[in-house]
Structure formats: structure tokens, C-alpha cells
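Numbering (the numbering used here), first residue to last: 30 to 347. Shown next, in C-alpha cells, is the structure this report addresses.
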Ligand code: CP
Ligand code: NVA
């Protein structure tokens, strides 16, 4: 736990220093991030220049490719007056078996925060255990917390809040699905997941969340049931990074889970469609839906910039 920087009376909150999963956050933390992301977005649109990260250095080490998360974290740092330093994990001594603990001890001497994209969640937990600086999960095989944080912010923008909103997840029970499940345990919305048999979310993650959220979280293998009356329909790639060898098999298994106009006809009249991107038109989502009037994906992707600024400010500004 650390005391966050003073950014005004409304934001005087104590926050844990790492964001490894959304289970790390309390409701007040979510509120703080949503409020600050909204303020930063509005000020950005007015051309107001913030320098809240002046003198701060944010490292990013990625084992997997990234367009949005990397560039929005780098841009967020730079626009707030800090310095981002990106390095592919393969270019560090981690790739030559330098221990994570030694790397963490080194990097805490150079950096104010470290943004990590790794295959393993355990690796990030070890970084967090050793390093005194905040560790921010920019995706693992298990979770994608910062993405879902900014996606929740997008839902609030479009639906006016989360309370009473039904969000459908259609597709793989993957890292994104896990972070949505974690979020539903903390915040008051309904989450209906539709995943093929054999591709369901992790049972432990699900049962821990359902112990808190009860019937607000449901899982089915029937996409129509999940989308029925939904205010938001959310999907993701069928084969995540690292699953390329399974892509062909997954295309067959997941075919009935495509987000298309027929499926959306079961949603609420003003249903919106979300996708964290990258998207594969004609696979998990049709081109007419992704590029159509119900899609909010470009606002969704923009919000990563504003939310990442909020995260960095809350964790290291001041
Ligand atoms: N949504 C998302 O995390 O995209 P990138 O893989 O491009 O960062
Ligand atoms: N589930 C996807 C998310 C990409 C942002 C993956 O892990 O590749």
C-alpha cells in the first residue's frame, strides 16, 4: 500500500502499489481511476497540458507484441511530462536467464514504475514481490486488467454508469474474460459469458468471483442466452497471443460464437459492441458489426490513453 499523490481532496485515497489483477482493487480505487480518467480526457480535449509525471521514468518490458497498450502507455507517460523507456524482453538479460528477482532489484534503482507484458502471471507477481516500484500488468496469459479498467470507463461513458447494466462476453474464456469476471466481483453490473465447452474461464477465478457476485455472473455455452437483453456485447480474438498453433481448430469450435447482426438482434435496442482489438473481421466479429454504428471500438481504444494516464498518476505522481 502506498499513499498516492495529492491531486485534490476528492482523490485522497490509499491505493495498493501494483496492478496485477483487478482483484487488487477496491471499489474506491475503481472510482478514483474512472474519475481521474474522465478529468484527464476532458482536459486533453481542451488542449490542457499536464506535467504530473515530470521527472518520472516509466519502463515497459514486453514479451509479446503490442500496438495499443505499449503506445498508449508510452504516449500517456510522455504527455504527462515523464519519460517512457520501452525494451523487448528478448533484448534484456532476462532472455539469458538473469533471475527476475535480480532484474527487479536493478530496475527499481532506475525507474518509477514498470509496465510488464508477459506470458506468465507468476513472473509479474515475483517482480511485484521484490521491486519497491509499482508493477503494472499490461497483459499476461491469465489477465488483462488495465484493458478492462479502460473498457469499464467506456461502458460508463456510453451507458451512464455500471449499475444494472448487462454485459455479455461472447467467445474465449481467456485473459480478458478473467479480468471481466474479476471486475464483476467488485462492481455492480451483470456479466453473462458465453464460451464453447472446453474453452470456459478458469474454474477457480469464476468460483471466487461468484462467491461475491452470485447470480450477477453467469456462464453458458449458448451465445443467444448471454446476449439476450444485453446492453453491451464484448468479444475478443479466438486465438490469443501464444495460441497461434491452435488457430485453425479454434476457428471451427468458435464459429457459432461470432458476433454478427443476427446475434445482436437479441441484445437491448441500444446495445453497443466492444472489442479490445486487434480484431479479425469475419472470425469473432463481422466487418459490418465492427465498423457499424453500434461499435464503440475506436472510443474504447482511445480510452486506453486516458486510463493509462490515470493509472500512472495515481501510482507515481507527486
Ligand atoms: N488491446 C490490446 O491490448 O492491444 P495490443 O495488444 O495492441 O496492446
Ligand atoms: N486475448 C488477447 C487479447 C489481446 C489484447 C490475447 O491475449 O492475445
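By construction, the Cβ of each residue, glycine as well, lies at the ideal position given by its N, Cα and C atoms.
Counting only the Cα atoms, residue 171 lies some 18 Å from residue 220. Here DSSP, grouped into helix, strand and coil, assigns residue 223 to strand. Listed in chain order, the non-local C-beta contacts of residue 309 below 8 Å within the same chain comprise 266 and 267, local neighbours out to five positions each way being set aside. The beta-carbon distance between residue 49 and residue 341, rounded to whole angstroms, is 16 Å. This is too long to meet the 8 Å contact definition. Per DSSP, reduced to three states, the secondary structure at residue 295 is coil, with no helix or strand assignment.
In the three-state reduction of the DSSP assignment, residue 325 falls in the coil class. In terms of Cα proximity to residue 96, the closest of 246, 339, 182 and 305 is 305.
By a beta-carbon distance limit of 8 Å, residue 109 contacts residue 80. Their separation comes to about 7 Å. With fewer than 16 other beta carbons inside 10 angstroms of its own, residue 275 counts as exposed.
Between the region 154-164 and the region 129-139, the count of C-beta pairs closer than 8 Å reaches three or more; the two stretches touch.
The alpha carbon of residue 230 has as its nearest neighbour, out of 207, 76 and 139, the alpha carbon of 207. For residue 261, the closest alpha carbon among the candidates 197, 203 and 249 is that of 197. Pairwise C-beta distances place the region 232-239 out of contact with the region 281-291, as fewer than three of them are shorter than 8 Å. About 30 Å separates the Cβ atoms of residue 325 and residue 345, ruling out a contact at the 8 Å cut-off.
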